[in-house]
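Note that the protein sequences, when read in sequence, are chains A and B.
The first sequence lines up with residues 2 to 361 when you count with my numbering.
The second sequence lines up with residues 37 to 274 when you count with my numbering.
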Amino acid sequence: MTDIGSNRPAAQAFELVLDKGESRVAEFEVRARSPLQKLQHFLHANPTAVPAIVLLLAVAAFGLIVGSRFLSMFNLSLIIQQVTIIGVIGVAQTLIVITAGIDLSVGAIMVLCSVIMGKLAVTIGLPAPAALFVGVAAGAGCGVLNGTLVTRLKLPPFIVTLGTWSIFFALNLWYSASETIRSQEVAKIAPLLQALGTPVNILGARFTYGSFFMLGLVALIWFVLNRTAFGRHLYAVGDDPDAARLSGIRTDRILFSVYVIAGVICALGAWTLIGRIGSISPQAGQTSNLDSITAVVVGGASLFGGRGSIVGTLIGALIVGVFRNGLALSDVDVLWQEFAVGWLIIIAVALDQWIRKVSA
Amino acid sequence: MSAGPHVPGATPLLQARSLNKRYGRVTALDRADFDLYPGEILAVIGDNGAGKSSLIRALSGALIPDAGEIRLAGGPVAFRSPLDAQAAGIETVYQTLALSPSLSIADNMFLGRELRRAGPLGTICRMLDRKTMQRIAREKLTELGLMTVQSINQRVETLSGGQRQGVAVARAAAFGSRVVIMDEPTAALGVKESRRVLDLILDVRSRGISVVWSATICRTYSRSPTASISTGSVVGSP
């Protein structure tokens with residue numbers, strides 16, 4: 002090794018004072034922070050902390066107001082059943098939101114897939130596993146359309162999925178002929194389609210296979226997001242697409258595949274939907290598009306991309322479920338449930354903005 | 037280790053001949069020649085719009101020249117993308133740094149070339165080898181004297197401008213086996229941090245990697261060769 006110092010350029014006039022000053026550059030200054038700043042930093046480093054705290058507070062508050070009717074094992078497990086569909090669809094929505102996109106068509110894909118599964122199995126008489134498979138393939142196909150429009154035509158995801166929402170819903174009405182397949186018929190001909198509605202009783206709590214299916218899906222996607230290169234690339238693409246591209250990530254391929262994966266998850270959501278309501282109706286799940294976005298946003302994800310977690314979304318869905326269930330048990334009119342959920346969204350986004358302003 | 041001016045007669049490590057690039061009626065590169073010798077730190081200086089970035093981007097694969105030839109260690113190469121250049125051992129620190137703010141330092145160092153676990157966990161489950169990546173990232177930052185950041189798992193958005201620059205340089209030094217190119221590494225930094233980056237450049241070179249860096253203002257870098265560029269042509273070279 003040669004002496005690096007000897008190769009150092011002669012200091013220029015404006016640099017002469019440097020030797021007297023601090024020589025540390027890449028070091029952390031520990032500045033005094035106010036308690037509020039400390040909180041802001043904590044929340045910035047732990048994005049799921051906010052929804053987790055809100056969920057605990059909400060459960061405690063309704064426990065105090067409503068009492069044992071709310072806090073019973075049966076009711077708490079009922080809330081989990083009630084959020085199963087939004088939980089599953091929310092997983093799909095989270096993936097899209099992390100890439101700085103949004104998918105308004107998730108609910109429509111789910112209903113379309115449920116109708117396809119039901120029609121094929123019950124009306125046409127295809128074996129139930131085959132009908133299930135075709136339904137999932139149809140979900141993937143919907144994702145291919147969304148992904149192609151976003152990556153090839155470079156259209157904004159909001160516009161693309163606003164369009165495909167209508168398209169998928171129209172296809173759903175056409176294919177189902179606006180007719181509902183009754184629960185008894187499904188149970189008789191294709192019980193597999195209702196399998197996720199099978200109840201499981203544990204210590205007075207009543208779960209369904211669907212609840213466990215949702216938790217399994219959350220665990221799987223958590224693994225993908227946090228422990229695989231694909232997951233890391235998803236965040237990178239949502240954060241700064243140019244930086245991701247210069248790092249060698251094929252951003253269009255990532256974006257395309259995320260829409261396809263979302264389509265498949267929506268099709269799996271269709272399976273849980275049939276399990277939950279028993280019948281197969283082209284009018285079911287009308288609110289799930291926006292409910293999934295609510296769960297994602299309340300769960301701490303940022304619509305600007307790069308931030309968000311799957312556990313956060315699950316908690317977000319549970320928060321909405323707790324509010325609806327608790328208010329219903331308090332004999333509050335349904336309209337006030339909507340009122341409360343509306344404020345929840347606004348407060349969640351305002352909090353996200355505040356946390357993002359954290360000074361480095 | 038040889039430093040500074042090259043030995044006469046040596047083969048240039050990275051060479052460009054008669055590079056041309058036009059954007060419509062604007063000529064960005066006009067028969068630009070370029071020679072970088074092994075173990076050399078070469079500064080490309082020129083005013084805004086002189087063609088520095090175009091030259092730098094052509095060498096790093098981010099720009100495909102209309103005409104001309106680039107040779108690496110004597111053999112012609114045709115980079116179609118930054119990945120091609122990376123595969124050839126040429127790493128670039130872009131002016132924008134190309135870091136992902138919401139990911140950790142370790143994630144950023146390995147972004148786009150992550151290491152997977154050995155065995156079925158890696159091949160079937162595609163599981164990342166986070167421990168090894170964190171260890172290597174820590175080593176690389178320590179080598180460059182930057183490992184005063186609290187944690188390798190800290191998000192890049194919590195770092196200062198100089199620290200981010202350090203992470204980007206460490207990433208380039210970790211993977212660049214032959215050449216590290218830095219596009220205006222001091223443009224966004226203060227005097228103190230600029231000085232530190234220039235020291236970093238020396239550190240990188242001391243590891244046997246040639247360095248090309250660009251700047252707008254001419255700093256007297258006494259023993260460093262300089263190629264000055266003006267209106268798309270290299271007007272002065274070592």
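Glycine residues also receive a C-beta, built at the ideal position from the N, C-alpha and C atoms.
If the cut is a Cβ gap below 9 Å, which residues of chain D does residue i touch?
i, result
"B/R162", "Absence of chain D from the displayed structure is noted, the protein chains being A and B."
Return helix, strand or coil for residue i, following the three-state DSSP convention.
i, result
"B/N189", "coil"
"B/I172", "helix"
"B/G158", "helix"
"B/L78", "strand"
"B/E179", "helix"
"A/I281", "strand"
"B/S138", "coil"
"A/T229", "strand"
"A/V342", "helix"
"A/A302", "coil"
"B/V233", "helix"
"B/A263", "strand"
"A/V321", "helix"
"B/I100", "coil"
Whole angstroms are fine: how far does the CA of residue j sit from the CA of residue i?
i, j, result
"A/A349", "A/F43", "16 Å"
"A/S184", "A/I278", "8 Å"
"A/V333", "A/S167", "33 Å"
"A/L193", "A/E180", "21 Å"
"A/R228", "A/L274", "29 Å"
"A/S177", "A/V51", "42 Å"
"A/E23", "A/Q41", "Reliability fails at A/E23, whose pLDDT of 43 lies under 50, so the model's placement of it is uncertain and the value that follows must be treated cautiously. Rounded to the nearest angstrom, the two C-alpha atoms are 29 Å apart."
"B/R231", "B/D239", "13 Å"
"A/V89", "B/A94", "47 Å"
"A/I81", "B/G197", "45 Å"
"A/A196", "A/Y260", "27 Å"
"B/D235", "B/V80", "17 Å"
"A/Q354", "B/R214", "43 Å"
"B/V129", "B/P137", "16 Å"
"A/Q38", "B/S90", "43 Å"
"A/A302", "A/A129", "37 Å"
"B/G244", "A/H45", "40 Å"
"B/V270", "B/G82", "9 Å"
"A/G363", "A/E186", "Because chain A is modelled from 2 through 361, residue 363 of chain A falls outside the range shown and cannot be assessed."
"B/T63", "B/N56", "8 Å"
"A/G205", "A/N76", "10 Å"
"B/G148", "A/A138", "30 Å"
"B/Q122", "B/G212", "7 Å"
"A/R357", "A/P48", "10 Å"
Are residue i and residue j touching if we call contact CB-CB under 9 Å?
i, j, result
"A/L113", "A/A122", "no"
"A/I99", "A/R308", "yes"
"B/L108", "B/S246", "no"
"A/A318", "A/V84", "yes"
"A/G119", "A/A191", "yes"
"B/E220", "B/Q131", "yes"
"A/V225", "A/G217", "no"
"B/A173", "B/D165", "no"
"A/L72", "A/V60", "yes"
"A/V297", "A/L345", "no"
"A/I311", "A/T95", "yes"
"B/Q201", "B/V233", "yes"
"B/Q51", "B/G110", "yes"
"B/L331", "B/V216", "Residue 331 of chain B falls outside the range modelled here, since chain B spans only 37 to 274, and no answer is possible."
"A/I110", "A/G264", "yes"
"B/N84", "B/T194", "no"
Which residues mark the beginning and the end of the alpha helix (DSSP H) in which residue i is found?
i, result
"A/T165", "P158 to S177"
"B/P221", "Segment: none, B/P221 is in no alpha helix (DSSP H) and carries neither H nor E."
"A/V145", "A129 to T152"
"A/F208", "No alpha helix (DSSP H) contains A/F208, which is instead part of the beta strand (DSSP E) from A206 to T209."
"B/T200", "Before going on, a small fix: residue 200 of chain B reads as Arg here, not Thr. That run of the alpha helix (DSSP H) goes G197 to F211."
"A/D243", "P242 to L247"
"A/G108", "V107 to G119"
Considering residue i, what are the terminal residues of the beta strand (DSSP E) in which it resides?
i, result
"B/R107", "A103 to L108"
"B/Y59", "L50 to Y59"
"B/A64", "V62 to L72"
"A/F63", "Premise fails: A/F63 lies in the alpha helix (DSSP H), A50 to V67, not in any beta strand (DSSP E)."
"B/V113", "G111 to V113"
"A/I203", "P200 to I203"
Residue i bridges to which residues according to DSSP?
i, result
"B/L164", "B/R152"
"B/E127", "B/V216"
"B/A248", "Note on identity: in this sequence residue 248 of chain B is Val, with Ala being the wrong assignment. BP columns for B/V248 point to B/L78 and B/I217."
"A/I182", "A/I281"
"A/V89", "DSSP lists no partner for A/V89."
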